[in-house]
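**Q** For the sequence shown, this note's numbering assigns the number 160 to the initial residue and increments by one for each residue that follows.
All C-beta atoms in this analysis are idealised placements derived from N, C-alpha and C, irrespective of residue type, glycine included.
Source: prediction; values computed, not measured.
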Amino acid sequence: MDKKVYELLNQQVNKEFYSAYLYLDFSNYFKSKGLDGFANWYLIQAQEERDHAMLFYQYLQNENQSVSLEAIAKPDKVFESGMDVLKAGLAHEEYVTSLINDIYSAASEVKDYRTMQFLDWFVKEQGEEEMNANGLISKMELFGFDPRSLYMLDQELGARVYSAPSLVL
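Written out as structure tokens, the structure is:
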């Protein structure tokens, strides 16, 4: 495996674990505000990110590459409102998209088609993640600030259930 592609893939393992930490932090924020549905939504996001990390981990192992696990940074943002959290979530997903695109570009440069094929699922997934994050912001802007509407949105988000990724390695 090309050294640069390997390094980017290995870094992504750690960045996906950071994403899980970040979403746990978001879940904590909403739980402290009594918004259990929002807390549930981000708890599930954290589970997804952990699974994404494990997919990168398994891919590297399947390619006979060792995985170097680094320290995971503590999320350090303080939020003034739920909308701040939602916007931070969108910004983070856009950042992760840029990371996936960088790995894809590096793999493409060295004609690492197997890695490109592996990343195809993540490219699609990031489109869905950004769409979901935008959708939450839109719903909050539309009707989330009225207490009754916020209650209904919280109930909707509380109904989300975890579904493991179906990527086969």
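Identify, in the order they occur along the chain, each residue of the same chain with its Cβ nearer than 8 Å to the Cβ of glutamine 224, setting aside the five sequence neighbours on each side.
**A** Mapped onto the sequence shown, residue 224 falls at position 65. Hits under 8 Å: Met160, Tyr165, Leu168 and Asn169.
**Q** Taking isoleucine 231 as the reference, give the member of Glu300, Phe176 and Tyr201 with the closest Cα.
**A** The residue you call residue 231 lines up with position 72 of the sequence shown. Per the Cα distances, Phe176.
**Q** If you compare alpha carbons, which of Lys270, Asp271, Glu253 and Ser264 is closest to methionine 290?
**A** Indexing the sequence shown from 1 puts residue 290 at position 131. The shortest Cα separation from methionine 290 among Lys270, Asp271, Glu253 and Ser264 belongs to Glu253.
**Q** In the DSSP assignment, find the unbroken alpha helix (DSSP H) run with methionine 213 in it and report its ends.
**A** Taking the first residue of the sequence shown as position 1, residue 213 is located at position 54. From DSSP, the alpha helix (DSSP H) with methionine 213 extends over 195-221.
**Q** Near serine 227, which residues of its chain fall below 8 Å by C-beta distance, leaving aside the five closest residues on each side in sequence?
**A** Residue mapping note: residue 227 aligns to position 68 of the sequence shown, counting from 1. Cβ neighbours of serine 227 beyond the five flanking positions: Asn169.
**Q** Would you call the region 182-193 and the region 212-221 touching, i.e. three or more CB-CB distances under 8 Å?
**A** Too few Cβ pairs lie closer than 8 Å, so no.
**Q** Closest to proline 306 by C-alpha separation, out of Leu194, Glu208, Lys174 and Pro324, would be which residue?
**A** For the purposes of this step, residue 306 is taken as residue 147 along the sequence shown, with counting starting at 1. Nearest C-alpha to proline 306: Leu194.
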